[in-house]
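Peer 1: One rule links them: number in the working numbering = place in the sequence shown (from 1) + 1. If you scroll down you'll find the structure; I have some questions about it.
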Amino acid sequence: MAFRVPEPAPQRALWPQPPDGLRAFGASTRVQSDPLQDTFPPLIDPAGLPRRVLCLAPHPDDEVLGCGGALALHAGRGDCLRVVVLTDGAPRGGAELAAAREAESRAAGQALGVADYRFLAYRDGRLGAAWELVEKLTELIEEFDPELVYGPSPFEHHADHRAASRALLAALAGGRGRRVFLYGVNERVPGGVLLDTTGVWHVKGRALACFTSQGADILEKCRAVDRARTVNVDLPEVQMAEGFADLGSEHVLEYERRAGRLMEWSRAPGGGGRGEVAAGALELPAATAVISTWNRVQEVCANLAALRAQTLPFADIVVVDNASTDGTAEAIVERFPEVRLLRMADSSKGACETFNIGFAACETPLLAILDDDVLLPPEWLEKTTLRMLAEPDSTAVVSTKIVEPEMPAAYRESEEVNRERYMSTFRGCASLAKGAALREAGFYDERLFIYGNERDLTCRLLNLGYRVLQYPGVETFHRQPFGVQMGKRSLFYHARNAWLTQLKYAPLGALLRLPWLVLTRVILRSSQREAGGEVNDATGTIGIGRALREVRGSSWVLVRAGLSVIWHLPYCLRQRQAVRSGDFELPIG
Numbered sequence: 002m003a004f005r006v007p008e009p010a011p012q013r014a015l016w017p018q019p020p021d022g023l024r025a026f027g028a029s030t031r032v033q034s035d036p037l038q039d040t041f042p043p044l045i046d047p048a049g050l051p052r053r054v055l056c057l058a059p060h061p062d063d064e065v066l067g068c069g070g071a072l073a074l075h076a077g078r079g080d081c082l083r084v085v086v087l088t089d090g091a092p093r094g095g096a097e098l099a100a101a102r103e104a105e106s107r108a109a110g111q112a113l114g115v116a117d118y119r120f121l122a123y124r125d126g127r128l129g130a131a132w133e134l135v136e137k138l139t140e141l142i143e144e145f146d147p148e149l150v151y152g153p154s155p156f157e158h159h160a161d162h163r164a165a166s167r168a169l170l171a172a173l174a175g176g177r178g179r180r181v182f183l184y185g186v187n188e189r190v191p192g193g194v195l196l197d198t199t200g201v202w203h204v205k206g207r208a209l210a211c212f213t214s215q216g217a218d219i220l221e222k223c224r225a226v227d228r229a230r231t232v233n234v235d236l237p238e239v240q241m242a243e244g245f246a247d248l249g250s251e252h253v254l255e256y257e258r259r260a261g262r263l264m265e266w267s268r269a270p271g272g273g274g275r276g277e278v279a280a281g282a283l284e285l286p287a288a289t290a291v292i293s294t295w296n297r298v299q300e301v302c303a304n305l306a307a308l309r310a311q312t313l314p315f316a317d318i319v320v321v322d323n324a325s326t327d328g329t330a331e332a333i334v335e336r337f338p339e340v341r342l343l344r345m346a347d348s349s350k351g352a353c354e355t356f357n358i359g360f361a362a363c364e365t366p367l368l369a370i371l372d373d374d375v376l377l378p379p380e381w382l383e384k385t386t387l388r389m390l391a392e393p394d395s396t397a398v399v400s401t402k403i404v405e406p407e408m409p410a411a412y413r414e415s416e417e418v419n420r421e422r423y424m425s426t427f428r429g430c431a432s433l434a435k436g437a438a439l440r441e442a443g444f445y446d447e448r449l450f451i452y453g454n455e456r457d458l459t460c461r462l463l464n465l466g467y468r469v470l471q472y473p474g475v476e477t478f479h480r481q482p483f484g485v486q487m488g489k490r491s492l493f494y495h496a497r498n499a500w501l502t503q504l505k506y507a508p509l510g511a512l513l514r515l516p517w518l519v520l521t522r523v524i525l526r527s528s529q530r531e532a533g534g535e536v537n538d539a540t541g542t543i544g545i546g547r548a549l550r551e552v553r554g555s556s557w558v559l560v561r562a563g564l565s566v567i568w569h570l571p572y573c574l575r576q577r578q579a580v581r582s583g584d585f586e587l588p589i590g
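Printed below as a string of structure tokens:
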């Protein structure tokens, strides 16, 4: 396929000299300096741009479409450049197309003068499901340590572009200060700055000509876009330009929040007709994020970066560090100074106790109960808060949908997981709760130590007249693999705590049936039935049968769990208050 590539423009200075008095870096070259009379965004001087540069491209070709001229300018002066392409460029799959897209991108890089390309090969069209992307980009940025980063803006329409922007901005927000240029491919970046690329457009054109799989008109369309950016530029020598949002990394999350709200408003039917859009204008109750962590420095830092990116900001973030030894506390202090860090003197406390310490520290009406290894989408707090406000006062907890590694598609897409309903437990890794209701119920039972505490707390909430809502309207990624984790510790606490809770709260008839039901509907339940979505309200029981079969010494673990139940029997009987709510279900599926 042949493209007509423009010939180089006659030799001239790539950057027109500004008038006297406008020689500061980043100053406009326009004759009019009165802001009220400005007719185009500022033209920036490329001579002042940093020389160690990272470019992030959602697909092979976005690096040229979005900032190919800028890359050519950097390459022309010998800057250190690296391009990272996130997806394989093959939306329908196929190794042949993916290989062709990579080859095209490398050839385009050669035309621009960029040799250092990295391809992460995520599936085209599925980038939003790559929840580890924030962590991956954080590692790439820290390893390369760029001074200037190019990436897609949050105003982009393509879902992969928005996912790439979201992950990049979260990764940048947690690190040291860098300059950030955000480009637009299918949506122009509003405001921002212009970069004169007239003198290198022939280079960009040759790079675009390498993408033969993307249609014969890609070059002419890009030429029209770059030409259109100069529509009001009153400098005749500026014929082509690229546009960017010019930010410091300390400002990227605020920029993303505002961009996200504007995008939702402008794309809603009638210009903002949906209720969610008005969240910023409503006097919403404040929320505190509560996280308990132990030796998960990378996971909790990625989690905190995602909390910073919320469209509705948290009023407070409380992290209870259970005496981590991997530098967790130090990393939080350095990278997230806004976080209220509660450091335990030793690691003897269980998750129930450390979460309770965090709950007790909250002063806001709402609190988000979050595991340290989750990643919230930017709209999580806004959507969940609005859903809570739409509920009766009796709803104490809104439990959001969870997606986990190894979670079977049949389970993830099952009807029971994807409909709103009231439940007898909640997912403690990502739920929003009313602080007053949790205080009235007494928070978590610290005797449980870890696991099963959500169901136990829900029983007390039900006895107080509260309800727990399953809300699939927003998804949270939980890094922990699907089901009960293999191991003696996990098996012990899951088995023991399930019995302690039922001894305290199950109606007598249900309690008498429980041993038979556990045997037939939990222990003997097949993994296929669990994966198929048949089991949907059994937090802490999915995988129990497999654990009994695969964990070495599982029989002795159950004996120990049984002895512990007997030891705690007097306590359970003192606390016993059978649940009469219609929402109550036994933990069997």
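Using N, Cα and C, we set each Cβ at its ideal position, and we do this for glycine too.
Roughly how far, in whole angstroms, is the beta-carbon of His479 from the beta-carbon of Glu417, given that I think they are within contact range, below 8 Å?
Peer 2: With a Cβ gap of about 18 Å, His479 and Glu417 do not count as contacting.
Peer 1: Which residue wins for smallest C-alpha separation from Ala411, given the options Phe483, Gly436 and Trp295?
Peer 2: Nearest option by C-alpha distance: Phe483.
Peer 1: Using the three-state DSSP reduction, which class does Ser106 fall into: helix, strand or coil?
Peer 2: In the structure shown, Ser106 sits in a helix (DSSP, three-state: H, G or I).
Peer 1: What first and last residue would you give for the alpha helix (DSSP H) that runs through Val298?
Peer 2: Taken as a continuous stretch (DSSP letters only), the alpha helix (DSSP H) holding Val298 covers Val298 to Arg309.
Peer 1: How would you write the range of the alpha helix (DSSP H) that His75 sits in, first residue to last?
Peer 2: Per DSSP, His75 belongs to the alpha helix (DSSP H) from Asp63 to Gly77.
Peer 1: Does DSSP put Phe478 in a helix, in a strand, or in coil?
Peer 2: In the structure shown, Phe478 sits in a strand (DSSP, three-state: E or B).
Peer 1: Is the beta carbon of Leu82 sitting closer than 7 Å to the one on Val54?
Peer 2: Cβ distance < 7 Å, so Leu82 and Val54 count as in contact.
Peer 1: Mind checking whether Val85 and Leu128 have CB atoms under 7 Å apart?
Peer 2: Result no, Cβ atoms of Val85 and Leu128 do not sit closer than 7 Å.
Peer 1: In terms of DSSP beta bridges, what is Val399 paired with?
Peer 2: DSSP output for Val399 lists Leu433 and Leu470 as bridge partner(s).
Peer 1: Do the CB positions of Val558 and Leu492 come within less than 7 Å of each other?
Peer 2: Yes, they are a contact pair.
Peer 1: Using C-beta distances below 7 Å, list every residue in its chain close to Ser582, excluding the 5 sequence neighbours before and after it, in chain order.
Peer 2: These residues qualify, in order along the chain: Leu463.
Peer 1: Under three-state DSSP, which class holds Asp146?
Peer 2: Looking at Asp146 - three-state DSSP - the assignment turns out to be coil, as it is neither helix nor strand.
Peer 1: Please report the straight-line C-alpha distance between Asp322 and Val340, rounded to a whole angstrom.
Peer 2: Spanning the two alpha carbons is a distance of roughly 12 Å.
Peer 1: Which runs of the beta strand (DSSP E), 3 residues or longer, sit entirely within the stretch 192-243?
Peer 2: Listed in chain order, they are 194-197.
Peer 1: For the beta strand (DSSP E) that contains Ala58, what are its first and last residues?
Peer 2: First-last of the beta strand (DSSP E) with Ala58: Arg53 to Ala58.
Peer 1: Is DSSP giving Val560 helix, strand or coil here?
Peer 2: Residue state, collapsed to three classes: helix.
Peer 1: So what does DSSP say about Leu509, is it helix, strand or coil?
Peer 2: Note: Leu509 maps to helix in three-state DSSP.
Peer 1: Looking at Thr426 and Thr401, is the spacing between their C-beta atoms short of 7 Å?
Peer 2: No, the Cβ-Cβ distance between Thr401 and Thr426 is not below 7 Å.
Peer 1: Under the DSSP definition of a beta bridge, which residues are partnered with Val85?
Peer 2: Answer is Leu57 and Arg119.
Peer 1: Pull up the CB-CB distance for Gln471 and Leu382, whole angstroms please, since I reckon it's below 8 Å.
Peer 2: Not confirmed; about 18 Å, so no contact.
Peer 1: Roughly how many angstroms separate the alpha carbons of Asp584 and Val469, rounded to a whole number?
Peer 2: Answer to the nearest angstrom: the Cα atoms are 9 Å apart.
Peer 1: Which value, in whole angstroms, describes the spacing of the CA atoms of Asp247 and Asn296?
Peer 2: About 36 Å.
Peer 1: For Ile451, which residues in the same chain have their Cβ closer than 6 Å to its Cβ, ignoring the five residues on either side in sequence?
Peer 2: Once the five neighbours on either side are set aside, the close Cβ partners of Ile451 are Gly351, Ala352 and Tyr494.
Peer 1: According to DSSP, simplified to helix, strand and coil, what is Tyr452?
Peer 2: Tyr452 falls in the coil class under three-state DSSP.
Peer 1: Leaving out the 5 sequence neighbours to the left and right, which residues in its chain are closer than 6 Å to Trp202 when beta-carbon positions are compared?
Peer 2: Closer than 6 Å at Cβ, skipping near neighbours: Met241.
Peer 1: Under three-state DSSP, which class holds Ser555?
Peer 2: It is helical.
Peer 1: For the putative contact between Gly1 and Lys205, defined by C-beta atoms under 8 Å, what is the C-beta separation to the nearest angstrom?
Peer 2: Any answer about residue 1 is impossible in this case: the structure gives the chain only from 2 up to 590.
Peer 1: From the DSSP output, read off the bridge partner residues of Asp317.
Peer 2: Per DSSP, Thr289.
Peer 1: Cutting at 7 Å between CB atoms, please list the residues of its own chain near Leu515, excluding the five before and the five after it.
Peer 2: Closer than 7 Å at Cβ, skipping near neighbours: Gln503, Ala507 and Leu587.
Peer 1: Going by other Cβ atoms of all chains shown within 10 Å of its Cβ, with 16 needed for buried, is Glu331 buried or exposed?
Peer 2: It is exposed - the Cβ of Glu331 has fewer than 16 other Cβ atoms within 10 Å.
Peer 1: Could you pull the start and end residues of the beta strand (DSSP E) that Tyr423 belongs to?
Peer 2: Where Tyr423 is concerned, the enclosing beta strand (DSSP E) stretches over Arg422 to Met424.
Peer 1: In the DSSP assignment, the alpha helix (DSSP H) including Phe356 goes from what residue to what residue?
Peer 2: Taken as a continuous stretch (DSSP letters only), the alpha helix (DSSP H) holding Phe356 covers Ala352 to Ala361.
Peer 1: Do the stretch 284-292 and the stretch 134-153 touch if we need at least three Cβ pairs shorter than 8 Å?
Peer 2: Segments in contact, no.
Peer 1: Pull up the distance between the alpha-carbon of Arg577 and that of Leu509, whole angstroms please.
Peer 2: The straight-line gap from Cα to Cα measures roughly 11 Å.
Peer 1: Using the Cα positions of Leu677 and Leu74, report the straight-line distance between them to the nearest angstrom.
Peer 2: Residue 677 cannot be examined here, being either before or after the span of the chain that is shown, 2 to 590.
Peer 1: Please report the residue range of the alpha helix (DSSP H) in which Tyr412 lies.
Peer 2: First-last of the alpha helix (DSSP H) with Tyr412: Ala410 to Arg413.
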